[in-house]
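Take a look at the structure below.
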Amino acid sequence: MSKAVGAIVVTVVLAAWAYIALTGEPRLPINIANGSYSNRCCGTVIFANGVMTVADQRVNYVVEEDKVGPYVLPKEYVGASNGRVIVRSGSFPLKLRLDDPAHPQQVELVDDAPGGKAYFFVRGDGS
Numbered sequence: 028m029s030k031a032v033g034a035i036v037v038t039v040v041l042a043a044w045a046y047i048a049l050t051g052e053p054r055l056p057i058n059i060a061n062g063s064y065s066n067r068c069c070g071t072v073i074f075a076n077g078v079m080t081v082a083d084q085r086v087n088y089v090v091e092e093d094k095v096g097p098y099v100l101p102k103e104y105v106g107a108s109n110g111r112v113i114v115r116s117g118s119f120p121l122k123l124r125l126d127d128p129a130h131p132q133q134v135e136l137v138d139d140a141p142g143g144k145a146y147f148f149v150r151g152d153g154s
């Protein structure tokens, strides 16, 4: 009997671990972020069906939602600093917060430097 109980406990623990490891934040439709967003100091960020074009680079992304709200999660670090948008390959990505899960009108990029601030990019394509 103790072997059966032990096997059940191990199975439940492994199933719980697999569930936690394999499920992330809820995904939102990738196209909700589609559009061109600009900031006077830092330039323009374009989202198009999972590919962000910024600073002459293309970065893949997904759109998800957590307890705080919707966000774009790029595959690489994308932020703003010193009047420009920065992409760092191989660096930990930050969530780019959207203001609305259905029809976002702005996206927030942050400066990860100590004391860095947030930069808000406003949708400029009329969507």
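In terms of our numbering, the sequence shown is residues 28 to 154.
The beta-carbon is built from N, C-alpha and C at its ideal position, and this holds for glycine as well.
All of these numbers come straight from a predicted model, not from anything done at the bench.
Residue 93 to residue 136 span [Cα, whole Å]: Translated into the one-based positions of the sequence shown, residue 93 becomes position 66. Translated into the one-based positions of the sequence shown, residue 136 becomes position 109. Approximately 17 Å between the Cα atoms of the pair.
Give me the Cα-Cα distance between residue 125 and residue 80, rounded to the nearest whole angstrom. Translated into the one-based positions of the sequence shown, residue 125 becomes position 98. Translated into the one-based positions of the sequence shown, residue 80 becomes position 53. Their Cα atoms are separated by approximately 17 Å.
If you run the structure through DSSP and keep just helix, strand and coil, what is residue 136? To locate residue 136, count along the sequence shown from 1; it is residue 109. Strand.
With 16 other CB atoms within 10 Å as the buried threshold, where does residue 150 fall? Residue mapping note: residue 150 aligns to position 123 of the sequence shown, counting from 1. With 16 or more other Cβ atoms within 10 Å, it is buried.
Inter-residue CB distance, residue 107 and residue 138 (contact presumed, cutoff 8 Å): Along the sequence shown, one-based indexing puts residue 107 at 80. Along the sequence shown, one-based indexing puts residue 138 at 111. About 6 Å separates the two Cβ atoms, so the contact holds.
Test item: CB-CB of residue 86 and residue 101 under 8 Å: Translated into positions along the sequence shown, residue 86 becomes position 59. Translated into positions along the sequence shown, residue 101 becomes position 74. In this structure, residue 101 lies closer than 8 Å to residue 86 by Cβ.
With the cut-off set at 8 Å, would you say residue 54 and residue 89 are in Cβ contact? Numbered from 1 along the sequence shown, position 27 holds the residue referred to as residue 54. Numbered from 1 along the sequence shown, position 62 holds the residue referred to as residue 89. Going by C-beta atoms, residue 54 is nearer than 8 Å to residue 89.
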